[in-house]
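Reading the sequence shown from the start, the letters are residues 1026 to 1431 in the numbering used here.
Notes follow the structure.
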Amino acid sequence: MRRLGMSMGLGGVIMGLVTIPEIIEQGHGAPGWWSPVAALLTFGGFPILAAVSARARPAVIRAVSGLTAVSFLVALAITPLAVQPHTLDASSVWLYRMLPLGMLAAALAWRLLWSVVYLLVGSTAVACVNVYLVEQFSAMSALSGLLRASGLASLFLWCVTCARGAGARVDRESAIAGRRAAATAASTARDHERARFAALIHDAVLSTLLDASRGAEDTPAGPPPVGGPKPCPGKAAGEISVLRRQAQSTLDQLDEIRVDVREPDVLDARSAVIFLRSAVHEINPGIRFATRTWPGFDDLRMPVAVAGTLAAALGEAVRNSLRHAAIPGRPVHRTVTCTISAGSIRLVFNDDGAGFDVEQVSADRLGISVSILGRMRQLAGGAGFVESQPGEGTTVTLVWGGDGSA
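So, in structure tokens, the structure goes:
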């Protein structure tokens, strides 16, 4: 939406500058106020559209684009009231060729149905205005003007509709890819735990049972035969002691993974990092994602729902930086540092961009208060912090501790 809005805004400005000589020439036979007012209504919204498309939300871009499209129809409506019939010495009124600009704005602002309605209304309006001011009225001239106007405007409508449809498909595929990444990470975590459990069963439980069965076979069922070798009490006691220690060690290991077996939809440290890194790189693959680990990091067990919340808050921090941290004349460096320790994770997003005064952020700035800090406050064991100063960049810290204490 931003790229389309900026392209259309700049295109409208260029068309306005190119059309200035024709506007001045055709204004000689009309009231003095008509040319500037009609030009302002036709082209005035496009520089605003280009400006808001740099950083504004899509809803704002659509609103400005819709006003721009409507203002062009207003320019058409006032023209017959200001200019006398057949007083323009030209092949066509300059407004006639501006319908594609209005069509672009309408296609960006509204759904296809309303854009088609705008196409029909706009084509009819420009054809009538052109016949009223320039051409001699006839059914053929009116039909020809309508077809020429609607044909080019239809082409622009088709292009914008295809572009918006492609963008929507990219958004849907990104969301699907994110859900698939989460499911894959969860499946990987489950497979890892199953393999770990199977190895424990084979290496510890079965070997303990095998050693115990061998010990039972070697132990005589009754008293030793007369004259035969006497059993060694020390050896038997030693074997029993080893079996007890091995059995106790096996039980301890089973106790450690019991929670993981009951709750398989969790990510281990590696899967969590892959999931969070993919969430960042889906937004901007150029952002550096660094990982640090502390002793005990393998103990991290993060539920998939928690990983999704962290990824959403981190993604909003990245998007806010891309929207607002740009500094003209130099690149802005952005880095995510993921630190994993025993049962907890800390994500630090940092940029060296424009920065802002945290205390001056209004409560209705949902990107920070709701999408970042609000998400982390609602997450058990989670916390979020935003630090920034004008000209000194921004740091967003997200913390989660599996024990409920961040």
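The beta-carbon is built from N, C-alpha and C at its ideal position, and this holds for glycine as well.
Quick caveat, the model's predicted, so the values are computed rather than measured.
Taking C-alpha positions only, residue 1378 is separated from residue 1321 by approximately 35 Å. Across the set 1308, 1305, 1154 and 1328, the C-alpha of 1328 shows the shortest separation from the C-alpha of residue 1294. Ranked by Cα distance from residue 1142, the first of 1116, 1110, 1155 and 1098 is 1098.
Contact check for residue 1346 against residue 1374 passes: the beta carbons are separated by less than 9 Å. Here residue 1120 carries a helix assignment [DSSP, helix/strand/coil]. When only Cα atoms are considered, residue 1356 and residue 1421 end up about 19 Å apart.
Spatial neighbours of residue 1177 in its own chain (CB-CB distance under 8 Å, excluding positions within 5 residues in sequence) are listed in chain order as 1124 and 1125. The C-alpha of residue 1056 lies about 51 Å from the C-alpha of residue 1382.
Classified as buried, residue 1340 has 16 or more neighbouring CB atoms from the shown chains inside 10 Å of its CB. Straight across, the Cα-Cα distance linking residue 1085 with residue 1073 is about 11 Å. In the DSSP assignment, residue 1360 falls within the beta strand (DSSP E) that extends over 1359-1366. Here residue 1144 is not near residue 1168, since their CB atoms are 9 Å or more apart.
Residue 1425 is bridged by DSSP to 1370 and 1407. Residue 1112 sits in coil when the DSSP states are folded into three classes, being neither helix nor strand. The C-alpha of residue 1153 is placed about 58 Å away from the C-alpha of residue 1411. The alpha carbon of residue 1122 has as its nearest neighbour, out of 1174, 1407, 1035 and 1370, the alpha carbon of 1174.
The Cβ neighbour count for residue 1190, taken over all protein chains shown within 10 Å, is under 16; the residue is labelled exposed. For the pair residue 1363 and residue 1370, the CB atoms are nearer than the 9 Å cut-off. CA-to-CA, the gap between residue 1335 and residue 1028 works out to about 28 Å.
Looking at 1170, 1202 and 1400, the one whose alpha-carbon comes closest to that of residue 1342 is 1400.
Taking each of 1417, 1396, 1416 and 1425 in turn and checking the Cα distance to residue 1405, the smallest one comes out for 1425.
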